[in-house]
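This report refers to the structure that appears directly beneath it.
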Amino acid sequence: MATKVIYELTLWLLALLAIPKYLYALLFQKKYRSSFLKRLGAGFPKIEIGKRELIWIHAVSVGETKAVSVLTKRLKEIPSNPIIIVSSTTETGHAEAKRSIPEADHHIFLPFDFYCIMAPLIKRLRPTRVILCETDFWYNFLRLSKKYGAQIALVNGKMSECSVGRFKRFSWLTKPLFSLFDIFCLQNQQYAERFASLNISAEKLVVTGNLKFDSVPKLMAEEEKWAFRKQLGIEQNDKVIVIGSSHDPEEKLLLEAMKDLWKENQDLKVIVVPRHPERFNTVEAFLQTLWIPYLRYSTRGESPNSCPIILLDTMGLLGQCYQIATVAIVAGSYTSLVGGHNIIEPLWFGVPTLYGPHMHEQSELVEITSFYGAALQVPAETLLENLKVLLKDGEEAASLREGAQKLVAAMQGATARTLQVL
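Here our numbering = 1-based position in the sequence shown + 570.
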C-alpha cells in the first residue's frame, strides 16, 4: 500500500514541476498538443475484444519500435488472431510504429501513469499479455495489468551500470515493480547479471539475444538507389557520407571536423539526418552560417541543385540514405547526453561505419562490432583522418564490409528464441 501511495504522490509532484515545460510545448510546439491530450486518455480508441486475446506491446521510441517490429508481426500470426496494441511515448516512436508495424490493430500513445487515467482503461481492456521492449517501466500500468490477469514480459531487455545504481537506491519501488514480471528476455549475459543483482529470480532471466539483428531492412534495387540519388542532387560517382540520427551539438562538431575533406574530394556529398524533426529548422539555421552551400530535402524541387551538404528533413528515410552511403557516421555517440544509437543499421548494407566515444547506452553493440571488426569507434579529433582513408575505398573499407557481413550472419535468431520463451 505504501509503495502505491508514494509512487502516486511522486508522479503528481513531478507533474507539477513539469507544468512550465508542458505549457511551452502546448503553446509553441504544435505536434505535442495532440499527443498530450491522448496521453491524458482523450480519444482512446474503442476496442472490441470479444473472446480474442489482447497483447499490449510498449516501445518507448524509434529504436525500441524497430527492435520489436519483427516480434510483433510474428505474434500477429498466432492462429488465435490476437488484438495487438502498440504504444509509444514519443512522437517519433509513434510515427515509426505506424510505418514499420502496420500489422498492429491499434497504434497509441501510452497514457500518463496516473492511477485515475490508467485504472479505468486497464479495467476495460484487461490485456492478456503486456510486453515491454528494453526499458520504460511504469508501475501503475504494470500492476493494474497484473491485477486483471496479464502475463508481463520484458523483451530485448538491457540495463546499464548507472541504471542498476538508480534501481538499488529506489528499492522501495524496484522490488514490487520487478516482481510483476513473469519473464525477462535479455540481450546478453552481462545484462542478465545486472538484473540478477536486483534480487530477481534467476528462473525469470533468459538470454535471448538482440532483436535489432532480426529487423531486416528493405533493400533498394539499383534503379531505386539511382532515383533516390537524383532526388538529392547526387551524381552517380559522387562519394557520400551520411551523418545519421544527430543531436545538438553534433552537426557543428562533425561538420567542423570534416570540413577539410572537400579539398581532396570535390565530389563529396554529406547527408545530415537529425534524430528529431523538431530540430530541422535549428539545424538549417546552423547550416546557413557555414562556408558551404546546402540543400534542404523537403524544399528541393523537381531538379535539385548539386550541393555539398544535404539536410534530410523527412522521417523514415535514414535506411535509404545508408544504402547510398560510401561511409556512415552513426551520431548520438558524440554527445554524452545521448549515449549512442543503433550502429547496426548501416552494417546491414555493408557500409563502412564510424561512431563516437559516447556509447554507454549501447555497450553491447560496441563489443559485438569490435569483435567482428565491423565498425570503428573514432573520436572527433581523429575523424578527419579516418574518413580520408575510408573514402579511398581501399583495404580498410573492404575489411569493415567483410566484418559487417559476418556479424549480421552470426547474430540473427533472437526473435525465434524470444517467441519460444513467451
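All C-beta atoms, glycine included, are put in the ideal place defined by N, C-alpha and C. Bear in mind the structure is a predicted one, so any value in this text is a computation, not a measurement.
Distance between beta carbons of residue j and residue i, contact taken as under 8 Å
i, j, result
"residue 882", "residue 921", "The Cβ separation is near 16 Å, so there is no contact."
"residue 973", "residue 942", "5 Å"
"residue 577", "residue 709", "5 Å"
"residue 813", "residue 823", "Not a contact, Cβ separation roughly 10 Å."
"residue 995", "residue 755", "In the structure as shown, the chain begins at 571 and stops at 992. Residue 995 is therefore absent and cannot be evaluated."
"residue 983", "residue 727", "That belief does not hold up - the Cβ atoms of residue 983 and residue 727 are roughly 17 Å apart, past 8 Å."
"residue 857", "residue 879", "6 Å"
"residue 676", "residue 619", "Actually they are not in contact, since the Cβ atoms of residue 676 and residue 619 sit about 11 Å apart, beyond 8 Å."
"residue 652", "residue 625", "5 Å"
"residue 694", "residue 719", "Actually they are not in contact, since the Cβ atoms of residue 694 and residue 719 sit about 14 Å apart, beyond 8 Å."
"residue 571", "residue 783", "Contact doesn't hold; Cβ gap of about 43 Å is too wide."
"residue 734", "residue 767", "6 Å"
"residue 632", "residue 706", "13 Å between Cβ atoms; not a contact."
"residue 946", "residue 828", "Actually they do not touch by this definition, with Cβ atoms about 15 Å apart."
"residue 614", "residue 592", "Wrong, their Cβ atoms sit about 19 Å apart, outside the cutoff."
"residue 634", "residue 704", "5 Å"
Sub-8 Å separation of residue i and residue j beta-carbons
i, j, result
"residue 723", "residue 692", "no"
"residue 679", "residue 650", "no"
"residue 958", "residue 831", "yes"
"residue 641", "residue 781", "yes"
"residue 803", "residue 875", "yes"
"residue 774", "residue 751", "yes"
"residue 785", "residue 898", "no"
"residue 950", "residue 904", "yes"
"residue 819", "residue 918", "no"
"residue 846", "residue 662", "yes"
"residue 609", "residue 682", "yes"
"residue 916", "residue 895", "yes"
"residue 646", "residue 654", "yes"
"residue 684", "residue 581", "yes"
"residue 944", "residue 977", "yes"
"residue 643", "residue 673", "yes"
"residue 960", "residue 968", "no"
"residue 764", "residue 729", "yes"
"residue 853", "residue 826", "no"
"residue 777", "residue 753", "no"
Beta-bridge partners of residue i, as assigned by DSSP
i, result
"residue 658", "679"
"residue 809", "838"
"residue 626", "655, 700"
"residue 755", "776"
"residue 1024", "Residue 1024 falls outside the range modelled here, since the chain spans only 571 to 992, and no answer is possible."
"residue 923", "898"
"residue 725", "703"
"residue 947", "925"
Proximity test, Cβ basis, 8 Å: residue i and chain B
i, result
"residue 946", "Protein chain content of the structure displayed is limited to a single chain, and chain B is not contained in it."
Contact the segment 882–896 vs the segment 860–869: 3+ CB pairs below 8 Å: yes
Cβ contact check for the segment 806–821 and the segment 932–939: 3 or more pairs under 8 Å: no
Every unbroken alpha helix (DSSP H) within the segment 819–903, with a cutoff of 4 residues, ordered by chain: Those alpha helix (DSSP H) runs which fall completely within the segment 819–903 and span 4+ residues are 820–828, 831–834, 850–857, 888–893.
Cβ pair count under 8 Å reaching 3, the segment 897–914 against the segment 925–936: yes
Three-pair Cβ contact test at 8 Å for the segment 739–759 versus the segment 659–671: no
Secondary structure, alpha helix (DSSP H): runs of 4+ residues fully inside the segment 583–617: 589–598, 601–609
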